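First up is the structure itself, then whatever we jot down about it.
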């Protein structure tokens, strides 16, 4: 059910979910700024299984009207809104099939926010597109803050690396790459593996850091000065990774800045992906 008609051919670049809470409205503001920067349209959705009655529809439309008002601060941004009848996890997964980016909010200040958090965690584990989880007190789109890339296996994480470099270039940010390994040659190998991206994004300054212990602590400390943390979701098809990996889960729950979770390819295809050397320990 649409609050505003969306042409069948329209493919919004950025989709954001809202439930009307302060947390969700902050995510709407972040998504609107991101869509404007990307030159993309914004679709604001509200999952409302209750909207099968007249009073339910009025309530759902009021939630979307408030969200639209927030998004309109980005002048000239094409905005559409839509009420979705399935429950939030199902609704967001389904609508994300047509998105370049899905944005959800997360903070645990109230019981309602705790529910948002559980939805955000579930969505990042299974969404078909990258998911940005925006915490309540983020630093906006300040390009002077770096992007932080939590890098696991360089071959499996190619889409994650792509996303981190592209975001850093778009926002004019530097990129800090954190990789876990006890191998003393890991930094040299990682530098070699990143050369194709350095060549493709010559304007992005890159700082490589190899963590030899306490990886999550290193990431969370670095996240305090970061604009965005980029991490990979579990490989699809890997039975042992049917839920979000522990490091990515902790980043989504605890990082003080927005976290972008990028789908990894199916486990079978990772082995045939063009190549970068591996050999470090996977972060995720």
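Numbering (the numbering used here), first residue to last: 1 to 284.
From the three backbone atoms N, C-alpha and C, an ideal C-beta is built for every residue, glycine too.
These numbers were taken from a predicted model, which means no experiment stands behind them.
Counting along the chain, residue 160 sits inside the alpha helix (DSSP H) bounded by residues 158-171.
Every alpha helix (DSSP H) stretch that sits fully inside the segment 10-86 and reaches 4 residues is listed by chain position as 22-38 and 54-71. Boundaries of the alpha helix (DSSP H) around residue 219: 215-223. Taking every protein chain shown into account, the CB of residue 188 has fewer than 16 other CB atoms within 10 angstroms, so this residue is exposed.
For residue 124, the closest C-alpha among the options 233, 257, 77 and 251 is that of 233. Annotation: the continuous alpha helix (DSSP H) that includes residue 195 extends over 195-200. DSSP places residue 208 in the uninterrupted beta strand (DSSP E) bounded by 206-211. In this structure, the straight-line span from the alpha carbon of residue 13 to that of residue 183 is close to 40 Å. In this structure the segment 80-97 does not touch the segment 207-217; the number of beta carbon pairs closer than 8 Å is below three.
Beta-bridge pairing by DSSP links residue 252 to no other residue. Residue 179 counts as buried, since no fewer than 16 other beta carbons sit within 10 angstroms of its beta carbon.
When rounded, the separation of the alpha-carbon atoms in residue 102 and residue 207 is 28 Å. A Cβ-Cβ distance of about 7 Å is found for the pair residue 130 and residue 261, placing them in contact under the 8 Å criterion.
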